[in-house]
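In terms of my numbering, the sequence shown has 104 at position 112, counting the first letter as 1, and numbering is strictly consecutive.
Everything below concerns the one structure shown next.
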Amino acid sequence: MDTPCDSHFLTKEIAVTEIISRFDPTLVFLVFLPAALFIAAWALQMACGFAAVEPPDYWQSLLCVFLVVVANILLRFWVNISIPDPGFWCHVGWPLVITAGIIAVMVRTGPFSALMVTACEGVICAVLVVGFSMLSSAISSML
-7 MDTPCDSHFL TKEIAVTEII SRFDPTLVFL VFLPAALFIA AWALQMACGF
43 AAVEPPDYWQ SLLCVFLVVV ANILLRFWVN ISIPDPGFWC HVGWPLVITA
93 GIIAVMVRTG PFSALMVTAC EGVICAVLVV GFSMLSSAIS SML
């Protein structure tokens, strides 16, 4: 049996779903992409600190993150067109090597330190994604 509180919650849930469904995907992409790049640049600076590497300034970190994003998008595009049955190296190995290579050049460090920075940045970004997901779940359960 529905209580008035349950129907009120259901009405709010439908209203929030309708609001979210009205967003233009391109607009959401254009709004949240810069935010994601800024957060990733900050995470790169933090990862350099964890890996005992001299962190670059913020704008150099932002350029590094942008180059990593572009290189991985181009790699994904090339893999989808050229390789009929991509394996582990196409999905994990090559992006890791490309990311570590760009970080090694941009941060002016060795390949193993760049790999450690890449791993630390991956962990930081994973923690942020899980944290934002939990925050989103908490907020939606309160509405």
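Ideal Cβ placement from N, Cα and C applies to all residues, glycine included.
message = Is the beta carbon of alanine 33 closer than 7 Å to that of valine 61?
response = no
Candidates Val23, Gly114, Ile75 and Val109, of which the one nearest glutamate 46 by Cα = Val109
Simplified DSSP assignment, three categories, for serine 129 = helix
task = Rounded to whole angstroms, what's the CA-CA distance from phenylalanine 124 to phenylalanine 21? Just pull it up for me.
result = 17 Å
For isoleucine 31 and arginine 14, the rounded distance between their alpha carbons = 26 Å
message = At the level of alpha carbons, what is the spacing between leucine 54 and isoleucine 95?
response = 11 Å
Alpha-carbon to alpha-carbon, threonine 18 and alanine 111 = Their Cα atoms are separated by approximately 30 Å.
inquiry  = Suppose the cutoff is 6 Å on Cβ atoms and the five residues either side in sequence are ignored; what does the same chain contact list for cysteine 40 look like?
reply    = So the list reads Pro47 and Val109, once near-sequence residues are dropped.
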